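A short write-up of the structure that comes next.
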Amino acid sequence: MQLFPRKANSLPALSLMGALGGGVLVVLLAWYYLSPEFYEVGYAPEQPVPYSHAFHAGQLGMDCRYCHNHVEQSPHANIPSTQTCMNCHGQIQTQSAALLPVRESWATG
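Structure (structure tokens):
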């Protein structure tokens, strides 16, 4: 007389696969939620050109969405294109040494 049905033989294998799958899920969730982009408020990548948000958005009153135009469709604010910078800096601060990388990018495409 058999105490358990035959399908009970697959229970250890299914349990092992479930435990491995759960372990992988825990690692992936930890990787995502412990990333700097998720938990570091004020995360900002290295700026190729010195830039002051306090001046542009604060003193000048520019809307953040002028430069970061994809922020409403994306989880992160995009880095503005050279075109966006040159819309103003093609006429303002045209000889500034700090803007040399922007002008070089504009000239080389």
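Going by our numbering, the residue at position 107 of the sequence shown is 491; the numbering climbs one at a time, nothing skipped.
Yeah, the Cβ is synthetic: ideal placement off N, Cα and C, and Gly gets one too.
From a predicted model like this one, the values you see are computed outputs, not experimental measurements.
Neighbour-count burial assignment, residue i, 16 or more Cβ in a 10 Å radius
i: Val-486; result: buried
i: Cys-451; result: buried
i: Cys-469; result: buried
Run of the alpha helix (DSSP H) containing residue i, from where it starts to where it stops
i: Ala-414; result: 395–417
i: Ala-491; result: 484–492
i: Gln-467; result: 466–473
CA nearest to the CA of residue i, picked from the options
i: His-460; options: Glu-421, Val-408 and Asn-393; result: Glu-421
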